[in-house]
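To start, the structure itself, in C-alpha coordinates.
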Amino acid sequence: MPFETPDLLPQTTEAPTRVDAGAFVVRPLTVDDAERDYEAVTASRDRIRDTFGPDHDWPSTDLTFEQNRIDVAWHHKEFQRRDAFTYAVVDPAGTTELGCVYVQPTRATAYDAAVYFWVADAAVERDLASAIEDRLRRWIAQDWPFEAVAYPGREIPWSEWETE
(Lines of atoms letter the chains of each structure in order from A and count residues from 1; the text may use other names and numbers.)
(Lines give C-alpha, C1' and ligand atoms only; values in the text may rest on other atoms or scores of the structure.)
Protein backbone atom coordinates (compact mmCIF):
# COMPACT_ATOMS: atom_id res chain seq x y z
CA MET A 1 0.00 0.00 0.00
CA PRO A 2 1.29 3.47 -0.70
CA PHE A 3 2.44 5.33 2.37
CA GLU A 4 4.00 8.63 1.60
CA THR A 5 3.99 10.99 4.59
CA PRO A 6 2.53 11.01 8.11
CA ASP A 7 0.08 13.40 9.75
CA LEU A 8 -2.78 13.43 7.30
CA LEU A 9 -5.16 15.15 9.74
CA PRO A 10 -4.31 17.46 12.60
CA GLN A 11 -5.14 16.21 16.10
CA THR A 12 -7.98 18.74 16.34
CA THR A 13 -9.81 17.28 13.33
CA GLU A 14 -11.91 14.14 13.72
CA ALA A 15 -11.79 11.57 10.96
CA PRO A 16 -15.22 10.58 9.64
CA THR A 17 -16.21 7.21 11.03
CA ARG A 18 -19.27 5.96 9.15
CA VAL A 19 -21.39 6.32 6.07
CA ASP A 20 -24.68 4.43 5.97
CA ALA A 21 -25.73 4.33 2.34
CA GLY A 22 -28.56 1.83 2.69
CA ALA A 23 -27.21 -0.95 0.46
CA PHE A 24 -23.74 -0.62 1.99
CA VAL A 25 -21.87 0.89 4.92
CA VAL A 26 -18.45 2.54 4.95
CA ARG A 27 -16.62 2.19 8.26
CA PRO A 28 -13.03 1.96 9.50
CA LEU A 29 -11.20 -1.24 8.59
CA THR A 30 -10.08 -3.10 11.71
CA VAL A 31 -8.20 -6.29 12.46
CA ASP A 32 -11.59 -7.96 12.94
CA ASP A 33 -12.10 -7.57 9.17
CA ALA A 34 -9.05 -9.63 8.19
CA GLU A 35 -10.98 -12.72 7.07
CA ARG A 36 -13.67 -10.80 5.13
CA ASP A 37 -10.99 -8.60 3.58
CA TYR A 38 -8.89 -11.58 2.51
CA GLU A 39 -11.92 -13.23 0.91
CA ALA A 40 -12.80 -10.06 -0.99
CA VAL A 41 -9.24 -9.37 -2.08
CA THR A 42 -8.48 -12.87 -3.32
CA ALA A 43 -11.86 -13.27 -5.04
CA SER A 44 -11.43 -9.89 -6.76
CA ARG A 45 -7.70 -10.00 -7.48
CA ASP A 46 -7.98 -9.34 -11.23
CA ARG A 47 -10.46 -6.50 -10.76
CA ILE A 48 -8.40 -4.66 -8.12
CA ARG A 49 -4.88 -5.35 -9.41
CA ASP A 50 -4.08 -1.74 -10.43
CA THR A 51 -5.58 0.03 -7.42
CA PHE A 52 -2.18 1.43 -6.40
CA GLY A 53 -0.62 1.68 -9.85
CA PRO A 54 0.23 -0.47 -12.84
CA ASP A 55 3.59 -1.50 -11.38
CA HIS A 56 2.30 -2.29 -7.89
CA ASP A 57 2.15 -6.01 -7.14
CA TRP A 58 -0.77 -5.93 -4.71
CA PRO A 59 -2.58 -8.22 -4.40
CA SER A 60 0.03 -10.77 -5.34
CA THR A 61 -1.03 -14.24 -6.45
CA ASP A 62 0.75 -15.70 -3.43
CA LEU A 63 -0.88 -13.40 -0.86
CA THR A 64 -1.55 -15.46 2.26
CA PHE A 65 -4.17 -14.88 4.91
CA GLU A 66 -1.40 -14.11 7.40
CA GLN A 67 0.14 -11.48 5.10
CA ASN A 68 -3.26 -9.91 4.56
CA ARG A 69 -3.97 -9.91 8.30
CA ILE A 70 -0.72 -8.02 8.86
CA ASP A 71 -1.71 -5.47 6.17
CA VAL A 72 -5.14 -5.00 7.74
CA ALA A 73 -3.61 -4.61 11.20
CA TRP A 74 -1.21 -2.01 9.79
CA HIS A 75 -4.09 -0.05 8.28
CA HIS A 76 -5.89 -0.23 11.62
CA LYS A 77 -2.78 1.16 13.34
CA GLU A 78 -2.41 3.93 10.74
CA PHE A 79 -5.97 4.96 11.53
CA GLN A 80 -5.24 5.04 15.26
CA ARG A 81 -2.09 7.09 14.63
CA ARG A 82 -4.02 9.34 12.20
CA ASP A 83 -1.38 8.85 9.51
CA ALA A 84 -3.81 7.44 6.94
CA PHE A 85 -7.38 6.18 7.02
CA THR A 86 -8.59 2.92 5.54
CA TYR A 87 -12.25 1.99 5.42
CA ALA A 88 -14.10 -1.20 4.61
CA VAL A 89 -17.19 -1.02 2.44
CA VAL A 90 -19.49 -3.76 3.72
CA ASP A 91 -23.04 -4.95 3.24
CA PRO A 92 -25.47 -3.67 5.90
CA ALA A 93 -25.14 -6.91 7.90
CA GLY A 94 -21.36 -6.53 7.89
CA THR A 95 -20.85 -10.05 6.58
CA THR A 96 -19.46 -9.29 3.11
CA GLU A 97 -16.76 -6.81 2.20
CA LEU A 98 -17.72 -4.96 -0.96
CA GLY A 99 -14.60 -2.84 -1.25
CA CYS A 100 -12.06 -0.65 0.49
CA VAL A 101 -11.13 3.02 0.43
CA TYR A 102 -7.76 4.44 1.43
CA VAL A 103 -7.43 8.11 2.34
CA GLN A 104 -3.70 8.70 2.18
CA PRO A 105 -1.26 11.57 2.54
CA THR A 106 0.61 12.55 -0.60
CA ARG A 107 3.83 14.30 -1.57
CA ALA A 108 2.09 15.86 -4.57
CA THR A 109 1.99 19.52 -3.55
CA ALA A 110 -1.16 20.28 -5.55
CA TYR A 111 -3.20 17.90 -3.35
CA ASP A 112 -4.06 17.55 0.32
CA ALA A 113 -4.69 13.81 0.06
CA ALA A 114 -4.82 10.90 -2.34
CA VAL A 115 -7.76 8.52 -2.36
CA TYR A 116 -7.48 4.98 -3.66
CA PHE A 117 -10.38 2.55 -3.66
CA TRP A 118 -11.54 -0.71 -5.09
CA VAL A 119 -14.81 -2.55 -5.32
CA ALA A 120 -14.96 -6.30 -4.92
CA ASP A 121 -16.54 -8.72 -7.34
CA ALA A 122 -19.37 -9.06 -4.79
CA ALA A 123 -20.21 -5.36 -5.26
CA VAL A 124 -20.27 -5.76 -9.04
CA GLU A 125 -22.48 -8.84 -8.73
CA ARG A 126 -24.89 -6.81 -6.58
CA ASP A 127 -24.80 -3.93 -9.09
CA LEU A 128 -23.33 -1.59 -6.44
CA ALA A 129 -20.00 -0.59 -8.00
CA SER A 130 -21.18 2.76 -9.41
CA ALA A 131 -23.20 3.59 -6.30
CA ILE A 132 -20.18 2.88 -4.10
CA GLU A 133 -17.88 5.05 -6.19
CA ASP A 134 -20.40 7.91 -6.34
CA ARG A 135 -21.03 7.81 -2.59
CA LEU A 136 -17.32 7.62 -1.75
CA ARG A 137 -16.58 10.68 -3.86
CA ARG A 138 -19.42 12.67 -2.26
CA TRP A 139 -18.31 11.57 1.20
CA ILE A 140 -14.72 12.68 0.60
CA ALA A 141 -15.89 16.02 -0.84
CA GLN A 142 -18.45 16.73 1.90
CA ASP A 143 -17.07 15.20 5.09
CA TRP A 144 -13.30 15.55 4.80
CA PRO A 145 -11.43 18.84 5.35
CA PHE A 146 -9.50 18.75 2.09
CA GLU A 147 -9.36 21.46 -0.55
CA ALA A 148 -7.88 19.24 -3.27
CA VAL A 149 -8.09 15.45 -3.44
CA ALA A 150 -6.31 13.29 -6.00
CA TYR A 151 -7.77 10.06 -7.34
CA PRO A 152 -4.67 8.48 -8.92
CA GLY A 153 -5.40 6.05 -11.71
CA ARG A 154 -8.91 7.42 -12.04
CA GLU A 155 -9.02 11.18 -12.70
CA ILE A 156 -5.24 11.38 -12.93
CA PRO A 157 -3.54 8.92 -15.28
CA TRP A 158 -0.85 6.85 -13.60
CA SER A 159 1.77 8.24 -15.96
CA GLU A 160 1.03 11.76 -14.72
CA TRP A 161 0.66 10.80 -11.06
CA GLU A 162 3.96 8.97 -10.96
CA THR A 163 5.73 12.17 -11.97
CA GLU A 164 4.09 14.26 -9.21
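Sequential numbering of the sequence shown, starting at 1267, is according to the numbering used here.
Backbone N, C-alpha and C define an ideal beta-carbon position, used for all residues, glycine too.
Here DSSP, grouped into helix, strand and coil, assigns Trp-1427 to helix. At a Cβ-Cβ threshold of 7 Å, Asp-1357 and Ala-1309 do not count as neighbours. Assignment of beta-bridge partners to Trp-1384 by DSSP yields Cys-1366.
Rounded to the nearest angstrom, the Cβ distance from Tyr-1353 to Pro-1294 is 6 Å, consistent with a contact under 8 Å.
Relative to Thr-1375, the option among Glu-1280, Trp-1427, Asp-1303 and Arg-1403 whose CA is nearest is Trp-1427. Rounded to whole angstroms, the separation of the alpha carbons of Tyr-1382 and Thr-1372 is 11 Å.
Beyond the five residues adjoining it in sequence on each side, Thr-1279 comes within less than 6 Å, by CB distance, of Pro-1411 in the same chain, given in chain order.
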